[in-house]
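Undergrad: Residue numbering for the sequence shown follows my numbering, starting at 551 and increasing by one per position. Ideal placement from N, C-alpha and C gives every residue a C-beta, glycine not left out.
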Amino acid sequence: MKIHSIAFFIMLPFLILVLYTGYHVFFMDDNSMFPYLLVFAIISTIIYLFSPQIDFAWYSNYPKDFSQKERTFLSSISTFYNSLEEKDRLKFEQRSYVFIRSKDFKLIMKERKEMPEDMKLVVATNAIQVAFHSDNYLYKKYDRYFAYGHEFPTPDKKFLHSVEVNHDDKIAIFNMDVLVKSLNFENRIFNIGLFAFIDIFLHINKKSIPDLPETTSVWQKITDISSISKNDIINTIGYEPSNIINILYTVFFMYPENSMTHFPEQYEVFSSIFKIQNK
551 MKIHSIAFFI
561 MLPFLILVLY
571 TGYHVFFMDD
581 NSMFPYLLVF
591 AIISTIIYLF
601 SPQIDFAWYS
611 NYPKDFSQKE
621 RTFLSSISTF
631 YNSLEEKDRL
641 KFEQRSYVFI
651 RSKDFKLIMK
661 ERKEMPEDMK
671 LVVATNAIQV
681 AFHSDNYLYK
691 KYDRYFAYGH
701 EFPTPDKKFL
711 HSVEVNHDDK
721 IAIFNMDVLV
731 KSLNFENRIF
741 NIGLFAFIDI
751 FLHINKKSIP
761 DLPETTSVWQ
771 KITDISSISK
781 NDIINTIGYE
791 PSNIINILYT
801 VFFMYPENSM
811 THFPEQYEVF
821 SSIFKIQNK
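(1) Can you tell me whether DSSP reads F616 as helix, strand or coil?
(2) Going by DSSP in three states, F724 sits in which element: helix, strand or coil?
(3) Just checking: is the beta-carbon of N741 within a distance shorter than 7 angstroms of some beta-carbon in chain E?
(4) Give me, in chain order, the residues of the same chain whose beta-carbon lies closer than 6 angstroms to that of I823; leave out the 5 immediate sequence neighbours on both sides.
(5) How many Å lie between Y609 and L729 at the Cα?
(6) Suppose the cutoff is 6 angstroms on Cβ atoms and the five residues either side in sequence are ignored; what does the same chain contact list for L657 look like?
(7) Measuring straight from C-alpha to C-alpha, what distance separates I794 and G743?
(8) Express the C-alpha separation of T622 and Q827 in angstroms, rounding to a whole number.
(9) With three or more C-beta pairs closer than 8 angstroms as the rule, is the stretch 696-711 touching the stretch 780-799?
(10) Quick check: what's the CA-CA separation for F600 versus F820?
(11) Determine the closest residue to K852 out of V673, L624, E815 and I750, with distance taken between C-alpha atoms.
(12) Measuring straight from C-alpha to C-alpha, what distance separates F682 and K641?
(13) In chain order, which alpha helix (DSSP H) runs of at least 4 residues are fully inside the stretch 619-686?
(14) Put Y698 into one of helix, strand or coil per three-state DSSP.
(15) My output table needs one value for N737: the three-state DSSP class, helix, strand or coil.
(16) Determine the burial state of I723: buried for a count of at least 16 other Cβ atoms within 10 Å of its Cβ, exposed for fewer.
Listed below in structure tokens is the structure:
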């Protein structure tokens, strides 16, 4: 449980009472305090077990308004946010806030430390864009996000790469340097953040995807849409993913107008899955 968790502050008085009654029971031999110790311990345990639900309910009902500084930063990193009307921008901000407060973010350097707030928002921006039209924007059980400042190996992928989703451990790992650069779609760098959250979204929601044309022609469509070559995409990710649909849907999110032009049938399927209403 996080120290800034609302559930933690609710639980804190009961923890103090556990310590107080426990001291009397175990050090002062005051057995009359034992029933109170038991009650306070049970209440503390229940709050701890339901802390994610408590935090979600609180932050959903009382989301903090973004400061002008936060809005300016968000505007600088998200083309999608900039395209929204005012009421939807507020929805994006509030969902980003709830997402950030509900998850555990770590920056891995010589040792793990809490990720800076602006980096958390960089990660959240991609998560919220992918699930913007869905109620499941918190990606249930995927609660831990890690970032390096460079390429990294992992036990599952022992070579250097820039993004990985582990569905068993429910985590995602990013090369923050590449992630930040890929936010500006004009850079023509494949967005590894959208790529990761598309993978998680499809895995959670068990969406049925119609068969694609043969792989070579899909790669050509991807290049036509994004002006990013297959080799550049693979080099950015660090490996060739087994499922090309995650790559295709990433460029659909990055370049929707080009996608509708070059691959209208598949873009229609994509829009249905992510509940996007085409203008």
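TA: Checking against the coordinates, here is how it stands:
(1) Secondary structure of F616 (DSSP, three-state): coil.
(2) Strand, per DSSP.
(3) Checking the listed chains, one finds no chain E in this structure; it contains a single protein chain.
(4) Contacts found: K757.
(5) Rounded to whole angstroms, Y609 and L729 show a C-alpha spacing of 27 angstroms.
(6) These residues qualify, in order along the chain: K663, M665 and A697.
(7) Rounded to whole angstroms, I794 to G743 spans 16 angstroms at the Cα level.
(8) Whole-angstrom Cα-Cα distance: 27 angstroms.
(9) Judged by Cβ distances under 8 angstroms, the stretch 780-799 makes contact with the stretch 696-711, as three or more pairs qualify.
(10) Approximately 35 angstroms, taken between the alpha carbons.
(11) Only positions 551 to 829 of the chain appear in the structure, and residue 852 is not among them; the question remains open.
(12) In a straight line, the C-alpha of F682 is about 9 angstroms away from that of K641.
(13) Runs of the alpha helix (DSSP H) lying entirely within the stretch 619-686 and spanning at least 4 residues, in chain order: 629-633, 636-652 and 667-680.
(14) In the structure shown, Y698 falls within a strand segment according to DSSP collapsed to helix, strand and coil.
(15) Helix at N737.
(16) Taking every protein chain shown into account, the CB of I723 has 16 or more other CB atoms within 10 angstroms, so this residue is buried.
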